[in-house]
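Q: Residue numbers (the working numbering): 157 to 290. Every residue gets a Cβ at the ideal spot worked out from N, C-alpha and C, and that includes glycine. Below is one structure. I have some questions about it.
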Amino acid sequence: MSEFDLLIRGGTVVTADTSTKCDIAVNNGRIAALGDDLGEAASEIDASGRLVLPGGVDSHCHIEQLAASGLINSDTFETATRAAAAGGTTTVIPFAAQYEGMSLKKVVEDYHALAQKGAIVDYAFHMIIAGPNP
């Protein structure tokens, strides 16, 4: 049995303040170890000659956001997050709009329902607050 689910071998790992050539071991979708000669894995990726970066965060996007005019933008959580993931973005933070008479609780519930149905990356929300309704 393999020690890790995935090993990314031979890449140059780039962080906010350094870069180093090493292997990355992954278990259950999370980094388990960095180093050399980390053992075996169920799956391996050869990253030799390549940079390995953390996923990006898109902190300003509009996904399934209803406009005051009644129009909705064309990206769904599925299409927007698939495109994000293809470009290396692993977290999106779209705007969630409250409209007059709508409670903030309802806004969050509605946007969570949309995101849970289709998002394939992590997400959070920026609130657009139109009134004092909790």
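Counting beta carbon pairs with one atom in the segment 248-257 and one in the segment 270-285, are three or more of them shorter than 8 Å?
A: Touching, per the Cβ criterion.
Q: Tell me where the beta strand (DSSP E) around valine 170 begins and ends.
A: Valine 170 -> beta strand (DSSP E) spans 160-170.
Q: How is phenylalanine 281 classed by DSSP in three states: helix, strand or coil?
A: Phenylalanine 281 falls in the coil class under three-state DSSP.
Q: Are the segment 163-171 and the segment 193-204 in contact at 8 Å, needing three or more beta carbon pairs?
A: Verdict: yes, contact present.
Q: Per DSSP, what kind of secondary structure is glutamate 200 in: helix, strand or coil?
A: Looking at glutamate 200 - three-state DSSP - the assignment turns out to be strand.
Q: Just to confirm, are glycine 211 and glycine 244 a CB contact at a threshold of 9 Å?
A: A contact, by the Cβ cut-off of 9 Å.
Q: Closest by CA to alanine 269, which one among Met258, Ile187 and Thr232?
A: The shortest Cα separation from alanine 269 among Met258, Ile187 and Thr232 belongs to Thr232.
Q: Please classify alanine 172 as buried or exposed, where buried requires at least 16 neighbouring CB atoms within 10 angstroms.
A: So alanine 172 ends up on the exposed side.
Q: Here's the rule I'm using: 16 or more other beta-carbon atoms within 10 Å means buried, otherwise exposed. How should threonine 237 be labelled?
A: Counting Cβ neighbours within 10 Å, threonine 237 comes out buried, since at least 16 surround it.
Q: At which residue ranges does the segment 201-232 contain complete beta strand (DSSP E) runs of 3 or more residues, listed in the order of the chain?
A: The segment 201-232 contains these whole beta strand (DSSP E) runs: 212-217.
Q: Report the CB separation of alanine 198 from alanine 189 in whole angstroms; it is logged as a contact under 8 Å.
A: That belief does not hold up - the Cβ atoms of alanine 198 and alanine 189 are roughly 15 Å apart, past 8 Å.
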